[in-house]
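Note sheet for the following structure.
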Amino acid sequence: MRKDENNMKLTAAELPVGGIVEAGTAVNFHTGSWRSQRPVWNKDKCIGCLICWISCPDGSIKIVSNEKGASVVDGIDYDSCKGCGICAKECPVKVSAIAMEQEKK
Amino acid sequence: MIEAVYSKGNIVAKTGNEVVAEALRQIEPDVMAAYPITPATEIVQIFSQFVADGVVKSEYVTVESEHSAISAAIAASAAGARAVTSTSSQGLCLMWEMLYIASGLRLPVIMAEVNRAVSAPININADHSDTMGARDAGWIQMYSENSQEAYDNIIQLTKIAEKARLPALAAMDGFITSHCMEVVETYPDADVKAFVGEYNPERYLLDVKRPYTLGSIDLQDYYFEHRYQLAQAMIDARSIILDVAKEFKEAFGREYGFYEKYMFDDAEIAMIIIGSSAGDVKVVVKELRKKGIKAGLLKIRVYRPFPTEQIARDLAHVKAIAVMDRSDSCSGAFPPIYSDVVASIYSAGVLSPKVLSYVYGIGGREFCDEQIVKVYETLGKVASGLEKPSNIIEYMNVRIK
Numbered sequence: 582m583r584k585d586e587n588n589m590k591l592t593a594a595e596l597p598v599g600g601i602v603e604a605g606t607a608v609n610f611h612t613g614s615w616r617s618q619r620p621v622w623n624k625d626k627c628i629g630c631l632i633c634w635i636s637c638p639d640g641s642i643k644i645v646s647n648e649k650g651a652s653v654v655d656g657i658d659y660d661s662c663k664g665c666g667i668c669a670k671e672c673p674v675k676v677s678a679i680a681m682e683q684e685k686k
Numbered sequence: 038m039i040e041a042v043y044s045k046g047n048i049v050a051k052t053g054n055e056v057v058a059e060a061l062r063q064i065e066p067d068v069m070a071a072y073p074i075t076p077a078t079e080i081v082q083i084f085s086q087f088v089a090d091g092v093v094k095s096e097y098v099t100v101e102s103e104h105s106a107i108s109a110a111i112a113a114s115a116a117g118a119r120a121v122t123s124t125s126s127q128g129l130c131l132m133w134e135m136l137y138i139a140s141g142l143r144l145p146v147i148m149a150e151v152n153r154a155v156s157a158p159i160n161i162n163a164d165h166s167d168t169m170g171a172r173d174a175g176w177i178q179m180y181s182e183n184s185q186e187a188y189d190n191i192i193q194l195t196k197i198a199e200k201a202r203l204p205a206l207a208a209m210d211g212f213i214t215s216h217c218m219e220v221v222e223t224y225p226d227a228d229v230k231a232f233v234g235e236y237n238p239e240r241y242l243l244d245v246k247r248p249y250t251l252g253s254i255d256l257q258d259y260y261f262e263h264r265y266q267l268a269q270a271m272i273d274a275r276s277i278i279l280d281v282a283k284e285f286k287e288a289f290g291r292e293y294g295f296y297e298k299y300m301f302d303d304a305e306i307a308m309i310i311i312g313s314s315a316g317d318v319k320v321v322v323k324e325l326r327k328k329g330i331k332a333g334l335l336k337i338r339v340y341r342p343f344p345t346e347q348i349a350r351d352l353a354h355v356k357a358i359a360v361m362d363r364s365d366s367c368s369g370a371f372p373p374i375y376s377d378v379v380a381s382i383y384s385a386g387v388l389s390p391k392v393l394s395y396v397y398g399i400g401g402r403e404f405c406d407e408q409i410v411k412v413y414e415t416l417g418k419v420a421s422g423l424e425k426p427s428n429i430i431e432y433m434n435v436r437i438k
């Protein structure tokens with residue numbers, strides 16, 4: 582282990598007791614780098630059913646409010662998306678607004 | 038003989054199990070999760086009746102094993118509850134991996150433990166093999182000589198565990214203490230409740246406003262620091278134990294420390310012992326004193342954390358010491374208490390006492406006055422230089438050949 586790396590880590594005096602890890606740390610990790618396949622969202626096909634949003638285990642489906650105040654999909658957060666493909670699988674068959682593509686090297 | 042020391046105390050005749058159940062009724066934990074096992078069965082049996090009768094508001098979790106019992110207690114504690122369990126022998130063995138989870142997550146789970154031999158061969162009588170096996174699990178361990186101490190210890194331990202953020206067990210000898218009816222002074226419910234207070238953990242899983250992850254993986258870059266924290270917590274628990282003992286004395290009048298010294302301060306020869314046998318040793322010491330023999334006794338109450346510095350200071354003046362273990366480590370070396378005592382005095386530079394190792398009372402084998410007298414006779418010879426101290430374990434009252 583490099584010395585400078587070691588120095589950045591918390592000491593026993595600084596670490597929370599009992600191995601507690603504060604919630605919401607996922608935002609600090611770019612799990613998007615794990616992907617071998619990426620979901621590609623087609624705005625024109627999307628019917629706004631939000632099945633992808635509720636199915637995504639990582640909260641990587643971005644949503645916004647439209648002009649009527651309803652929540653609609655606005656794209657995919659590729660920083661956190663691990664490319665599991667659940668969104669593409671769950672997207673209604675007749676719609677197929679999300680498709681998996683090979684991640685570019 | 039127990040005498041009343043508290044103005045509002047109530048003198049009752051109860052067994053160790055009954056009086057521990059009584060203490061638990063007064064403490065009224067949020068959750069009790071336990072599985073019955075001889076000789077600790079009565080504790081949870083009586084407590085479950087309190088729950089059934091609506092005497093306590095505690096949630097009683099019936100489980101299918103001791104592993105589940107401790108798991109439920111750990112989960113309840115993590116959620117923010119004051120959680121209690123009770124077990125003995127094989128039950129404690131089945132809890133094994135979870136003992137380390139409780140201490141590693143720094144959850145103050147309380148255990149009413151009744152000391153019993155471990156199988157095989159199967160045996161239900163008293164020895165300390167069960168809890169001594171768990172001595173390095175990061176649990177505070179407190180031992181009782183009699184029912185009064187069992188009652189007082191579990192009350193104090195609740196407070197100690199929560200302050201130290203460590204799980205803690207209070208042990209008493211199976212059958213000898215757990216099933217013998219003795220005179221005990223109990224204290225009014227309101228006074229016990231006031232003493233233990235409410236459990237208000239700083240962080241708990243049901244606190245939805247401050248969510249956190251508990252029990253995540255912790256590898257080579259942080260695990261060591263967390264284990265260091267645990268080791269330090271055990272050291273820090275020493276002052277907490279003494280502070281709570283002081284508060285206890287102020288509240289109820291009984292005095293407790295890491296150990297009890299009986300005719301010890303001017304003793305030239307002394308025994309170190311844990312648990313109910315201390316009562317027999319006191320009788321012998323008193324008789325020996327009448328003959329002018331400077332015998333003494335040091336009865337350990339708090340075994341984890343081990344009071345290393347204090348015990349080294351207190352043993353410095355003793356010429357010959359017999360460390361009495363009611364368990365054997367089967368290590369090829371020495372049993373637990375002996376190892377801790379010798380390491381403590383050696384590391385403190387106290388090299389003058391000769392220290393002998395005895396293993397006694399395994400599986401409930403009788404330990405009586407004549408044997409105790411013989412130990413003191415040997416100590417006398419060693420102290421005066423007539424006999425060379427043995428460097429092997431003396432197994433007492435066992436048919437070797």
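As they're listed, the protein sequences go chains A and B.
Every position in the first sequence, counted from 1, becomes a number in our numbering once 581 is added.
Every position in the second sequence, counted from 1, becomes a number in our numbering once 37 is added.
Note that the Cβ used here is the ideal one computed from N, Cα and C, for glycine as well.
The structure displayed is predicted, hence computed values, not measured ones.
Exposure label - residue i; buried when at least 16 CB within 10 Å
i	result
B:Arg153	buried
B:Gly128	buried
A:Lys584	Residue placement at A:Lys584 is flagged as unreliable, the pLDDT there being 46, under the threshold of 50; the coordinate-derived value follows with that caveat. Result: exposed.
A:Met582	Its pLDDT being 40, under 50, A:Met582 is placed unreliably by the model, and nothing is read from it.
B:Thr250	exposed
B:Asp351	buried
B:Gln266	buried
A:His611	exposed
A:Arg619	buried
B:Gly46	buried
A:Trp615	exposed
A:Val654	buried
A:Glu603	exposed
B:Ile254	exposed
B:Asp302	exposed
B:Asn183	buried
B:Phe232	buried
B:Ser313	buried
Whole-angstrom distance between residue j and residue i, CA atom to CA atom
i	j	result
B:Asp173	B:Glu239	26 Å
B:Ile138	B:Val88	27 Å
A:Asp658	B:Asp244	29 Å
B:Glu40	A:Glu595	48 Å
B:Leu256	B:Ala274	26 Å
B:Ala163	B:Glu59	22 Å
B:Asn160	B:Ile111	29 Å
B:Lys411	B:Lys391	17 Å
B:Arg402	B:Leu335	22 Å
B:Lys283	A:Ser641	56 Å
B:Thr191	B:Ser102	First, the amino acid is wrong: residue 191 of chain B is Ile here, not Thr. Going from the Cα of B:Ile191 to the Cα of B:Ser102 covers about 23 Å.
A:Gly613	A:Ser661	5 Å
B:Tyr180	B:Asp258	37 Å
B:Arg143	A:Val674	50 Å
A:Val645	B:Gln82	58 Å
A:Ile632	A:Glu682	20 Å
B:Met218	B:Ala50	6 Å
B:Gly400	B:Thr214	15 Å
B:Val93	A:Asn609	46 Å
A:Ser688	A:Ile628	Because chain A spans 582 through 686 in this model, residue 688 of chain A falls outside it and cannot be assessed.
B:Ser123	B:Leu61	11 Å
B:Thr99	B:Ala270	32 Å
B:Met209	B:Asp167	12 Å
A:Cys630	A:Leu591	44 Å
B:Met308	B:Ile197	28 Å
B:Gln347	B:Val281	18 Å
B:Ile429	B:Ala70	42 Å
Beta-carbon separation (whole angstroms), residue i vs residue j, contact threshold 8 Å
i	j	result
B:Pro426	B:Val435	At roughly 21 Å, the Cβ-Cβ gap does not stay under 8 Å, so B:Pro426 and B:Val435 are not in contact.
B:Gly333	B:Ala304	3 Å
B:Leu206	B:Met169	Actually they are not in contact, since the Cβ atoms of B:Leu206 and B:Met169 sit about 12 Å apart, beyond 8 Å.
B:Phe285	B:Gln193	5 Å
B:Ala109	B:Leu242	Between B:Leu242 and B:Ala109 the Cβ distance is about 14 Å, and since that is not below 8 Å, they are no contact.
Bridge-paired residues (DSSP) for residue i
i	result
B:Lys168	Correcting the residue identity first, residue 168 of chain B is Thr in this sequence and not Lys. In the DSSP output, where bridge partners are listed per residue, B:Thr168 has none listed.
B:Val121	B:Met69, B:Ile147
A:Gly656	A:Lys643
B:Gly51	The residue you asked about is not Gly; residue 51 of chain B is Lys in the sequence shown. According to DSSP, B:Lys51 bridges with B:Glu219.
B:Lys21	Coverage of chain B is limited to positions 38 through 438, which leaves residue 21 of chain B absent and any answer about it impossible.
B:Asp362	B:Val396
B:Glu186	B:Glu186 pairs with nothing; no bridge assigned.
B:Asp210	B:Asn152
A:Gln683	A:Gln618
B:Thr99	B:Ala71
B:Gln178	B:Leu206, B:Arg341
B:Glu431	B:Tyr395
For a minimum of 4 consecutive residues, which ranges assigned as the alpha helix (DSSP H) are wholly contained in the stretch 249 to 309 of chain B?
260 to 289
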